[in-house]
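Just below is one structure, and these are the notes that go with it.
Protein chains: 2
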Amino acid sequence: MLVNELSKKTGLSIHTIRYYENLGMIKGLTDEKVTSNNYKHYDANTIERLEIIIEAREVGFTLAEIKKILISWFETTDSKPETLELFQAKIKEIDDKMRYFKQTKNLLEKVCEKIQKQ
Amino acid sequence: MLVNELSKKTGLSIHTIRYYENLGMIKGLTDEKVTSNNYKHYDANTIERLEIIIEAREVGFTLAEIKKILISWFETTDSKPETLELFQAKIKEIDDKMRYFKQTKNLLEKVCEKIQKQ
DNA sequence: ATAAAGCATAGAGTATAGTATATGCTTTAT
DNA sequence: ATAAAGCATATACTATACTCTATGCTTTAT
Chain A
1 MLVNELSKKT GLSIHTIRYY ENLGMIKGLT DEKVTSNNYK HYDANTIERL
51 EIIIEAREVG FTLAEIKKIL ISWFETTDSK PETLELFQAK IKEIDDKMRY
101 FKQTKNLLEK VCEKIQKQ
Chain B
1 MLVNELSKKT GLSIHTIRYY ENLGMIKGLT DEKVTSNNYK HYDANTIERL
51 EIIIEAREVG FTLAEIKKIL ISWFETTDSK PETLELFQAK IKEIDDKMRY
101 FKQTKNLLEK VCEKIQKQ
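Chains A and B, in that order, give the protein sequences.
Throughout the first sequence, residue numbering follows full-length UniProt numbering, covering 1 to 118 in sequence.
Throughout the second sequence, residue numbering follows full-length UniProt numbering, covering 1 to 118 in sequence.
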C-alpha cells in the first residue's frame with residue numbers, strides 16, 4: 001500500500017507518517033521493478049508499528065524511546081542487558097504514571113462534584 | 001516562603017516556577033510592609049497547586065488545561081455547565097489513556113520476556 | 001565594607017513533535 | 001492530451017514547555 005492508504009488505515013496524516021519515516025521508526029520499500037518512480041510501499045508490519053507508536057505516545061513516551069521499543073520488538077536478535085533494564089524501568093514508569101492518573105482522575109471527579117453542588 | 005524554598009519543597013526549578021507564575025498558574029505576593037524589595041512570598045496553597053500541576057502534566061494535560069483545573073478547583077465560585085462538561089470529557093480521556101497504558105505495559109512486558117528468552 | 005548569594009524581569013535559546021509550503025516528477029481520470 | 005491528484009524531498013514554520021543568559025537591585029555572610 002502507498003502512503004495515502006496507510007494514512008487512512010492509521011488515522012495519521014501523511015506528513016506525520018513521513019516524519020516518523022525520517023526518524024527511522026518505519027520504512028517503506030520502493031519496488032525495484034518499477035524505474036519510473038520511487039513510490040514507497042508499506043506493509044502490515046508498518047501498520048503494526050504505527051499502532052504501537054500511537055499507543056506509546058499516549059503514554060507519554062518520546063519518539064526516541066518508542067523507536068527503541070520498536071527495534072527491540074521487531075529487529076533485535078541479540079539481547080543486551082541494558083536494553084532489558086531500560087524496559088523494566090519503563091514498566092516502573094508506567095506504574096508510577098498510573099498512580100498520577102488515579103490521583104488526577106480523583107481530583108477531576110471532585111472538581112465535577114464541586115461544580116454540580118453549586 | 002521565597003522562591004528558593006518553594007523550589008526545594010516541590011522539586012521544580014526556580015525557572016520553571018517562574019514560568020508557571022507567568023502563565024498565571026500560581027501567584028506569589030509581595031509584602032506590602034517591605035518597600036526595599038519586591039520579593040514574592042508563596043504559601044501552602046502554592047505548594048498544593050504545584051503538586052496538582054506535577055500530577056496532571058504526567059497525565060499529559062497541557063499547562064493550559066491544568067490552569068483551568070486549578071481555577072475550577074480553587075477560584076471558581078460559579079458553576080458553568082461547559083466547565084463541567086470539559087472535566088467530564090477529561091475524565092473520559094484519562095480512562096482512554098488507561099487502556100493505552102495497559103496495552104503499552106503489556107507490550108513492554110512481552111519485549112522483556114523476549115529479551116530474557118534469548 | 002565588600003563579596004557572595006538571592007531575587008526580579010526580560011528576552012533568547014533549545015527540544016520535541018508535529019504542520020505547512022514549495023518544487024518537481026508521476027500517475028490517473030476525463 | 002491535458003488537467004487533477006498523488007508521490008517524494010527539502011525546507012520553513014508553529015506550539016508547547018521549558019531552560020538559560022543578561023542585567024540590576026537587595027540581602028546575607030565574613
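Note that CB positions come from ideal geometry on N, CA and C, so glycine has one too.
Source: prediction; values computed, not measured.
CB of residue i within 8 Å of CB of residue j, strictly
| i | j | result |
| --- | --- | --- |
| Y14(A) | Y20(A) | Reading off the sequence, residue 14(A) comes out as Ile, not Tyr. No, the pair does not count as a contact, with Cβ atoms beyond the cut-off. |
| Y42(A) | G60(A) | no |
| L84(A) | Q116(B) | yes |
| K105(A) | I94(B) | yes |
| K97(A) | F101(B) | yes |
| V111(B) | I69(A) | yes |
| K33(B) | V3(B) | no |
| E55(A) | Q103(B) | yes |
| L50(B) | L107(B) | no |
| I47(A) | T16(A) | no |
| N22(A) | T30(A) | no |
Same chain, Cβ closer than 8 Å to residue i, neighbours up to 5 away in sequence not counted
| i | result |
| --- | --- |
| S72(A) | T83, F87 |
| R18(A) | V3 |
Member of the options whose CA lies at the smallest distance from the CA of residue i
| i | options | result |
| --- | --- | --- |
| T76(A) | K114(B), R57(B), N45(B) | K114(B) |
| K44(A) | K92(A), F74(A), K80(A), P81(A) | Per the sequence presented here, residue 44(A) reads as Ala, with Lys not at that position. Checked all of K92(A), F74(A), K80(A), P81(A); the closest Cα to A44(A) is F74(A). |
| P81(B) | P81(A), Q118(A), T62(A) | Q118(A) |
| T62(A) | R18(B), R99(B), E58(B) | E58(B) |
Terminal residues of the alpha helix (DSSP H) in which residue i lies
| i | result |
| --- | --- |
| Y100(B) | 81-117 |
| Y19(B) | 14-22 |
| N37(A) | Counting along the chain, N37(A) falls outside any alpha helix (DSSP H), and DSSP gives it neither H nor E. |
| V3(B) | 3-10 |
| E32(A) | Note, E32(A): premise wrong, no alpha helix (DSSP H); not H, not E. |
| I52(B) | 44-58 |
| E65(A) | 63-70 |
Chain-order list of residues whose beta-carbon lies under 6 Å from that of residue i (same chain, five-residue window excluded)
| i | result |
| --- | --- |
| M1(A) | Y42 |
Beta-carbon contacts of residue i that lie in its chain and below 7 Å, excluding the five residues immediately before and after
| i | result |
| --- | --- |
| G24(B) | K67 |
Any residues in the segment 36-69 of chain A with a beta carbon nearer than 7 Å to a beta carbon of chain B? Which ones, in chain order? I52, E55, A56, E58, V59, G60, I69
Between the segment 80-105 of chain A and chain B, which residues of the former have a C-beta closer than 7 Å to a C-beta of the latter? T83, L84, F87, Q88, K90, I91, I94, K97, M98, Y100, F101, Q103, T104, K105
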